[in-house]
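Report on the following structure.
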Amino acid sequence: MAYRAPLNDFQFIFEHVAGLDQVTATDLFAEATDDVTAAILAEAAKLCEDVLAPLQRAGDMHPAVLENGVVRTSPGFADGYARIAEGGWVGIAASPEHGGMGLPQTVTTAVNDMMASACLSLQLNPLMTQGQIEALDHHASDEIKATYLPRLISGEWSGTMNLTEPQAGSDVGALRTKAEPNEDGSYAISGQKIYISWGDNDFTANVCHLVLARLPDGTPGTKGISLFMVPKYIPDADGTPGKANSLKVVSLEHKMGLHGSPTAVMQFDGATGWLIGGAHQGMKAMFTMMNNARLGVGVQGIGVAEGAYQHALAYAIGRKQGQSPIKDGTGTITDHADVRRMLATMKADIYAARAIAMSCAVAIDMGRATGGADWQARAAFLTPIAKAFGTDVGCEVSHLGVQVHGGMGYIEETGAAQYSRDVRVTAIYEGTNGIQAMDLVARKLSDDGEAAYRLLDEIQETAESARAAFPNMTSAVWSAAETLRETTEWLVARTDPNDRFAGAVPFLRAFARVLGAHYHLTSAVAEGCDGPRTRLARFYIKRMLPEHDALLRHVREGAADLYAVSVADLTG
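Offset between the sequence shown (1-based) and our numbering: plus 11.
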């Protein structure tokens, strides 16, 4: 199936939903005019449609392998990556000071969305590098920046993130990797890391690992962790990759999906590394990279959902089966109510998740360009929602994509199952979606809910202004926002954290549902007629928004009945 980038949706969301014009009105992003943005997205679309999409099946059918200590990537991936690097797509949001385009994160988010739709396995590589660029730009010394940033931005080198260890999954503070000071100011890094996406490849001149480790005087837990740059090849004085560092790929994980993306077990044996940020400040520096990656991973979910939807839609439009149950039908399975329901659900949820992600990106850009605390708080609040809901939508839409295909969806040759296998991990990495939800109800409500209430005010104001044009839709959205406000107030008042955590996942999902309805309604208002966006908004608000009520009832139950179910009950 040929992938087609949804440029019209990006443009509409930019102009009428997320408000990219606010970003381009700032001095920092003044050069990202409408014409420039449109041209950038059009070029990215060509790359995704013509170069990356054809690699999707090759990566799945011919996985990356480890041969005699060398990672061999999937057929065509080296050429595909070269096209990404040559086009400047790795450094699209990076500072021009080091060779980047300096474009808004919002534009980068749209490009990453398209790349994830086309070939998620390969897109993971530049996404990891983009996060590393962000971390180095904020925390590295000028010397490290001068050596690494231009080469990472150009795509000559690639970057990874090394957090997880066999005994320390989400509990990063339990890591055992050590960093011993060397006489020349560098450090000797020793330990093992697992789940390292693109831990090695055969097409970049160097692979740069950001590694969390503990100095000899580092205290237990996360407060004693430091961050180090540990390259595969140690750069010479002029930045040329020199001798091999004391690190290696031990093995590649055998995964459910993303077969074209080598996920490595990395061993560091006294490898030479350089401190990034201050001693014992590793988590602060790493979170700069992780926060960037969390939005990026949410967009990966949305991108895969788009690919799965287009794949399913093309099949449904061409699949004739049974008699049409409607007058003047097409004779294909799109005439059947349940297939129409699935396709409409897929499209409506993708649009909602994409609007949330783009709004988060706009808030990030505005916070960076203006330094405004409200924008920064909005970005922080939306990030876990964008990550968790975006990846949930990826999993659910790809699942529906298999169902639309019927029995053929279960046959690997159709390619429908690959989307479901590939996207599943996105709900797990960069912090599981449960952790994202716990972050939302804990840290992100620690301002007594102010960031949440500002969003709810905006939703209800939009509903009020659209009441005359769309009375039924606006009443539903306004009422949903009010119920969400009451539940937020209930959560803020809880003193037992478990009362918050027990309902964290349904709360995040409910917030995303209401935000999705708000953005669908905003789109209907902008369309100004009973057009396709209005009809999709009506479908979402009437059939999908009501889910929020049951979710919020779940939230307000607290933790008592949850813990009343004992471990013995679960095993009996």
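For each residue, glycine too, the CB sits at the ideal point set by N, CA and C.
Exercise for the section: Determine the burial state of LYS455: buried for a count of at least 16 other Cβ atoms within 10 Å of its Cβ, exposed for fewer. Expected result: buried
Problem - Residue nearest to GLY460 in terms of C-alpha spacing, selected from SER476, ALA474 and LEU495 - result: LEU495
Handout entry: Simplified DSSP state of ASN79, which is helix, strand or coil
Key = coil
Practice task
Please confirm whether THR120 and TRP168 have their CB atoms less than 8 Å apart.
Solution key: no
Exercise for the section: Tell whether a beta-carbon distance below 8 Å holds between VAL101 and THR140. Expected result: yes
Problem - Residues of its chain near ALA104, where Cβ-Cβ distance is below 6 Å and the 5 sequence neighbours each way are ignored - result: Cβ neighbours of ALA104 beyond the five flanking positions: LEU114, GLN116 and THR119.
Exercise for the section: Identify which residue in ALA366, ILE245, ILE155 and THR345 has its Cα closest to the Cα of ILE24. Expected result: ALA366
Exercise for the section: Would you mind stating whether THR197 and GLY284 have Cβ atoms separated by less than 8 Å? Expected result: Here residue 197 turns out to be Ser, not Thr, going by the sequence shown. Yes, these two residues count as a Cβ contact at 8 Å.
Handout entry: Residue interval of the alpha helix (DSSP H) (run including TRP386)
Key = 384 to 416
Practice task
Out of GLU154, PHE481, MET125 and ALA36, point me to the one whose CA is closest to CYS540's CA.
Solution key: Among GLU154, PHE481, MET125 and ALA36, the Cα nearest to that of CYS540 belongs to PHE481.
Exercise for the section: Taking 8 Å as the cut-off, decide whether the C-beta atoms of ALA448 and PHE518 are in contact. Expected result: yes
Handout entry: Length-filtered (3 minimum) beta strand (DSSP E) runs lying within the region 40 to 89
Key = If we require 3 residues or more, the beta strand (DSSP E) runs fully inside the region 40 to 89 come out as 76 to 78 and 81 to 83.
Handout entry: Whole-angstrom distance between ALA282 and PHE239, CA atom to CA atom
Key = 11 Å
Practice task
Indicate the three-state DSSP secondary structure (helix, strand or coil) for ALA523 in the structure shown.
Solution key: helix
Handout entry: The beta strand (DSSP E) enclosing ASP20, as first and last residue numbers
Key = No beta strand (DSSP E) contains ASP20, which is instead part of the alpha helix (DSSP H) from 18 to 23.
Exercise for the section: State yes or no: is the C-beta of VAL525 nearer than 7 Å to some heavy atom of the ligand SAH? Expected result: The model on display carries no ligand, and the ligand SAH is accordingly not part of it.
Exercise for the section: Answer yes or no: do VAL241 and ILE200 have a C-beta to C-beta separation smaller than 8 Å? Expected result: Taking C-beta atoms as the reference points, VAL241 and ILE200 count as a pair closer than 8 Å.
Practice task
Could you name the residues of the same chain whose beta carbon sits closer than 8 Å to that of MET267, not counting the 5 residues immediately before and after it, in chain order?
Solution key: So the list reads ARG432, ARG435 and VAL436, once near-sequence residues are dropped.
Problem - Where the beta strand (DSSP E) containing HIS220 begins and where it ends - result: Unbroken beta strand (DSSP E) run through HIS220: 217 to 225.
Practice task
Name, in chain order, the residues that DSSP records as bridge partners for SER169.
Solution key: VAL218
Problem - DSSP three-state assignment for GLN429, whether helix, strand or coil - result: helix
Practice task
Could you tell me which uninterrupted alpha helix (DSSP H) segments, each at least 4 residues in length, are contained entirely in the region 272 to 313, listed from first to last along the chain?
Solution key: none
Practice task
Report buried or exposed for ILE337, applying the criterion of at least 16 other Cβ atoms within 10 angstroms of its Cβ.
Solution key: exposed
Practice task
Please report how far the alpha carbon of LYS331 lies from the alpha carbon of THR345, in whole angstroms.
Solution key: 9 Å
Handout entry: Simplified DSSP state of GLU441, which is helix, strand or coil
Key = coil
Exercise for the section: Pull up the distance between the alpha-carbon of ALA427 and that of VAL503, whole angstroms please. Expected result: 42 Å
Problem - Euclidean distance between Cα positions of TYR574 and TYR421 - result: Here the alpha carbons of TYR421 and TYR574 stand approximately 38 Å from one another.
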